[in-house]
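What follows is a set of notes on a single structure, which appears directly below.
2 protein chains.
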Amino acid sequence: MPVKIKDIARICGVSAGTVDRAINNRPGINENTKKRILKVAKELNYRPNYTAQSLVKGKTSTLGVILFDLHNRSFAQLMNAIELKARENGYFVYITLTDKDPNNEKQCIEYLVERNVDGIILFSVNRGNEFEDYLKSFDIPIITVFNKISENWDYVGIRERQAMKDAVTHLVNKGYERFIYVSPPLMYMGKTNIYTQEERLYGFIEGLKSFNIQEEPIIIKEKNYIDILKEWNFQSEYKTAVVCSCDLYALEVLQLLKEKGVNVPGNVGVMGFDNIDVLKYVTPRLTTVEYPIEQIGSDAVESLISKIEHDHFLNIPLLDYKIILGESI
Amino acid sequence: MPVKIKDIARICGVSAGTVDRAINNRPGINENTKKRILKVAKELNYRPNYTAQSLVKGKTSTLGVILFDLHNRSFAQLMNAIELKARENGYFVYITLTDKDPNNEKQCIEYLVERNVDGIILFSVNRGNEFEDYLKSFDIPIITVFNKISENWDYVGIRERQAMKDAVTHLVNKGYERFIYVSPPLMYMGKTNIYTQEERLYGFIEGLKSFNIQEEPIIIKEKNYIDILKEWNFQSEYKTAVVCSCDLYALEVLQLLKEKGVNVPGNVGVMGFDNIDVLKYVTPRLTTVEYPIEQIGSDAVESLISKIEHDHFLNIPLLDYKIILGESI
DNA sequence: ATGAAAGCGCTAACAT
DNA sequence: ATGTTAGCGCTTTCAT
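So the protein sequences, as listed, match chains G and W.
Letter by letter, the first sequence follows residues 104 to 432 in the numbering used here.
Letter by letter, the second sequence follows residues 104 to 432 in the numbering used here.
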């Protein structure tokens, strides 16, 4: 049985209130009694019961985090940054994983609310006005990361669209004339929240438009994109770039091209997105887009805590990216 | 303001006790009043206050997880498995990261205890009898994973030693005669808990002993192992294997050998450990050891919950591994 | 400076 | 079947 304030009070021959004053060094207590109480508390290895504290204070100093999973490196890094920043600010973090199941996500939100978290960081698979109303029905602060759920909801993310647009610019400058875009998640368009993937796609399309090339962009949304590319004839007279919405797809493509004996970068180039850490072990080194994922986590926590403690979210501008020059372009 | 049991009671003209009976469908309540109450509860979007429940029940249905970080893929996968299994059993998970700081780890434990978690899963950086006594001073169940803290503490892990021993056997069968072992974490031997790394090392040494080769094993514990290997003369008449305690080191070694123009696998082979998912993008394909990391997380949760709910840990045998044949040996 | 009492929201034992 | 009461461990207000 853990020792309680009452125990200490009994032993010291004082009331619970006085013990409380000593432990939380509140004013109105004699220095000596305070010392006596603290000594006993220490001897008995007293630890405050946070649950009781939370109940009376109406605050748990806990954040809920909702992610798809931790298999994706980016999510893991995001989570890592969130935990660090949160605890730095005296908050603990509940982690909940939805596996991209919209109902599971709702389930998570409701559980977190029941557990009285002070705020939620949400990487959402749901989206739209109805979902926005649903979120509003819980009156606790919720901040979204990466995937916007609607235009106005508080959000921390990066300039995805501009990043992909710049990537296209880079490719055009390098002399590429034909473009294939690979992004299997686009298959879920209209079904689940794939905001970031959509943004990247639009960036790609806008990029092409701005240079007035390839009116009909080639977009591969199929899960078996490798099979599709397997049949592709890369020996055209055009210098072709395969632009991928994530590094993992790009790595698969690189591997395929190696198998097909296509020289990279030669007639064909490959562009990734994310700059995952394992790229350094792969040759040719993939050209990709880097963005400060840990910053997103950290900023989201800061903004959320600001909302919790001072009732206003921080105004966090979209974070910037950087094109990492490799050898695949 | 969230709606409370009292609100419902007032509206329905009954007592809080009756509302409680309705909501938690406990016996001793008229079907009609029950229906009436549930209807109102639903209309008002009533959600039980978990903090209050926890306080009175003396149980939070929460597990604490303590890990180094989530940058390491294995840790992330472990965490993923833990969350899934925990919530499947009605538990939520606090994630806390220590960054391998022993004091931070203690801090985490104490905070988790204060927050009345029902149990803790600990990937420990501390170890030894003193630490064991420290852990015992909290009377909540704590289960360790991967790193043992002492011989008797409840633990879920894999047959690391045997795995590495088998790896050596495999190498000997493939005709390797000379062995270099790479494991920078060994530098922390005696300082922090590197149980798994030690086990792998002993497995390596035992393996060599059993074949009576290389009395003086070559062990590189330096952080700059690459610099050391850079100076190495791999052109000896002996077929040499570089055995690495983690895939990441092996990948670095592979890259170095590529740079040095050493043919792999020819005179030199490289062996990894972990089978991280990105191996499939690297050529030559690394030969490595695979183990069921998600199973460890899942088993740890099961055992811990068994202890919480039925007062006995499960008896989980050390999990098995598998040598994955690549092209680097 | 200290004690007593009420209350956070809920559950559970005891009355009626 | 329903109401009443006490209490989980702590904080806070009001007396003294």
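Quick reminder that beta carbons are idealized off the backbone N, C-alpha and C, glycines included.
Query                                                                                                                                                                                   : Result
Excluding five sequence neighbours on each side, which residues of the same chain lie with their C-beta closer than 7 Å to the C-beta of Q409 of chain W?                               : In the sequence under discussion, the amino acid at residue 409 of chain W is Ser, which differs from the Gln named in the question. Closer than 7 Å at the Cβ level, and outside the excluded window around S409 of chain W, lie H415, F416, L417.
Which residue comes first and which comes last in the beta strand (DSSP E) that contains G161 of chain W?                                                                               : Unbroken run through G161 of chain W: none, as it is neither H nor E.
Counting only the same chain and skipping the five closest in sequence on each side, list residues whose C-beta sits under 6 Å from that of E263 of chain G.                            : T299, E302, R303
Enumerate in chain order the residues of its own chain whose CB-to-CB distance from V143 of chain G is below 7 Å, with the five nearest sequence positions on each side excluded.       : I111, I114, C115
Verify the CB distance criterion: does Y214 of chain G have a CB-CB separation below 8 Å to chain W?                                                                                    : yes
With 9 Å as the C-beta to C-beta threshold (strictly closer), list the residues of the stretch 138 to 154 of chain G near chain W in chain order.                                       : N148, R150, P151, N152, Y153, T154
Please confirm if the stretch 249 to 262 of chain G is in contact with the stretch 227 to 234 of chain G, defined as three or more CB-CB distances below 8 Å between the two stretches. : yes
In the stretch 308 to 366 of chain W, which residue ranges form an unbroken beta strand (DSSP E) of at least 3 residues, counting only runs that do not cross its ends?                 : 321 to 323, 343 to 347
From this set, G:V367, G:L215, G:E405, which residue's C-alpha is nearest S431 of chain G's C-alpha?                                                                                    : G:V367
Determine the direct distance from the alpha carbon of V356 of chain G to that of E340 of chain W, and round the result to whole angstroms.                                             : 39 Å
Quick one: give me the first and last residue of the alpha helix (DSSP H) that T272 of chain W is part of.                                                                              : 263 to 276
Is it buried or exposed, N229 of chain W, if we count other Cβ atoms within 10 angstroms and call 16 or more buried?                                                                    : buried
Can you list the residues of chain G that I432 of chain W reaches, using a CB-CB cut of under 8 Å?                                                                                      : Within chain G, no residue comes near I432 of chain W; the closest Cβ sits about 17 Å away, beyond 8 Å.
Less than 6 Å between C-beta atoms, sequence neighbours within five positions excluded: which residues of the same chain meet that for A69 of chain G?                                  : Because chain G is modelled from 104 through 432, residue 69 of chain G falls outside the range shown and cannot be assessed.
Pull up the distance between the alpha-carbon of E397 of chain G and that of I185 of chain G, whole angstroms please.                                                                   : 8 Å
Any contact between the stretch 214 to 230 of chain W and the stretch 141 to 161 of chain G? By contact I mean 3 or more CB pairs, one from each, below 8 Å.                            : yes
Along the stretch 356 to 386 of chain W, where does the CB come closer than 7 Å to a CB of chain G? Name the residues.                                                                  : Q358, V381, Y384, V385
Quick one: residues in its chain with C-beta nearer than 6 Å to the C-beta of S348 of chain W, no 5 flanking neighbours on either side, listed in chain order?                          : S286, Q300, R303, F376
Could you tell me which of W:L382, W:E318, W:I323 sits nearest to L289 of chain W, measuring between CA atoms?                                                                          : W:I323
Going by the DSSP bridge assignment, what does K444 of chain G pair with across the sheet?                                                                                              : As displayed, chain G neither begins before 104 nor continues past 432, which places residue 444 of chain G out of reach and without an answer.
Beta-carbon of I198 of chain W versus every beta-carbon of chain G: anything under 8 Å?                                                                                                 : yes
Give the interface partners of Y292 of chain W over in chain G, defined as CB-CB distance under 7 Å, in chain order.                                                                    : Checking the sequence, you will find Met at residue 292 of chain W rather than Tyr. Here the premise fails: no neighbours, minimum Cβ distance about 26 Å.
If you compare alpha carbons, which of W:Q180, W:L147, W:I223, W:L181 is closest to T163 of chain W?                                                                                    : W:I223
Are there 16 or more other CB atoms within 10 angstroms of the CB of Q180 of chain G, so buried, or fewer, so exposed?                                                                  : buried
Helix, strand or coil for V117 of chain G, going by three-state DSSP, please let me know.                                                                                               : coil
Do the CB positions of P320 of chain W and I308 of chain W come within less than 8 Å of each other?                                                                                     : yes
Of the choices W:N148, W:I426, W:Q265, whose alpha-carbon is the least far from that of T390 of chain W?                                                                                : W:I426
Taking only three categories from DSSP, how would you classify R303 of chain W?                                                                                                         : helix
What is the rounded straight-line gap between the Cα of V259 of chain W and the Cα of Q265 of chain W?                                                                                  : 16 Å
Give, in chain order, every residue of the stretch 179 to 192 of chain G whose Cβ lies closer than 8 Å to some Cβ of chain W.                                                           : A179, Q180, M182, N183, E186, L187, R190
Check for me: the alpha helix (DSSP H) holding R139 of chain W runs from which residue to which?                                                                                        : 134 to 146
Of all the CB atoms in chain W, is at least one closer than 8 Å to the CB of T163 of chain G?                                                                                           : yes
State the start and end residues of the unbroken beta strand (DSSP E) segment that holds Y197 of chain W.                                                                               : 195 to 200
What does the alpha-carbon distance come out to for the pair T174 of chain W and V381 of chain G?                                                                                       : The amino acid at residue 174 of chain W is misidentified as Thr; the sequence shows His. If you take the alpha carbons of H174 of chain W and V381 of chain G, they lie about 12 Å apart.
Once you ignore the five residues that flank I411 of chain W on each side, which residues in its own chain have a CB closer than 7 Å to its CB?                                         : D221, G222, P244
Does the distance from the CB of A344 of chain W to the CB of G306 of chain W come in under 8 Å?                                                                                        : no
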